[in-house]
Amino acid sequence: MELRTALFGVGYPVSVVVISRFVPVVRERRWRWLVAHHLGVAAIIAGWALEGRHSAAAFNGAWLAASSAWYLLGGRRAGASAG
């Protein structure tokens with residue numbers, strides 16, 4: 023088995039499971055789930071980079087940055103009450 027295939031085989035299932043529950047992950051501050059998501063997406067990025075598909079790696083890297091920002095901001099909307 024090629025390394026990139028193994029990276030995709032682990033990365034995609036892990037990240038998709040977390041993405042499907044991302045709103046509760048953010049709201050309930052499930053940091054272990056976020057770590058699993060980040061490791062999964064990092065594996066996907068590495069897999070695309072090994073294949074030479076740098077645009078796909080960059081796209082997934084952008085999602086990694088966006089999801090990190092979303093988590094850090096707590097999923098807050100403008101004008102949402104703090105209480």
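The letter at position 33 of the sequence shown is residue 55 when you use the working numbering, and the numbering goes up by one with no holes. Where a beta carbon is used, it is the ideal one built from N, C-alpha and C, also for glycine. Everything numeric in this text was worked out from a predicted model, so none of it was measured.
Is residue i near residue j, with beta carbons less than 8 Å apart?
i, j, result
"V40", "W55", "yes"
"A65", "L25", "no"
"G96", "V38", "no"
"W92", "N82", "no"
Would DSSP call residue i helix, strand or coil?
i, result
"G31", "helix"
"E24", "coil"
"G74", "coil"
"G96", "coil"
Any contact of the segment 82–96 with the segment 52–71, i.e. 3+ C-beta pairs under 8 Å?
Taking a contact to require three or more Cβ pairs closer than 8 Å, the segment 82–96 and the segment 52–71 qualify as touching.
Extract the residue ranges of the alpha helix (DSSP H) inside the segment 36–62, only unbroken runs of 4 or more that lie entirely within it.
Taken in chain order, the unbroken stretches of alpha helix (DSSP H) that lie wholly in the segment 36–62 and span 4 residues or more are 44–49.
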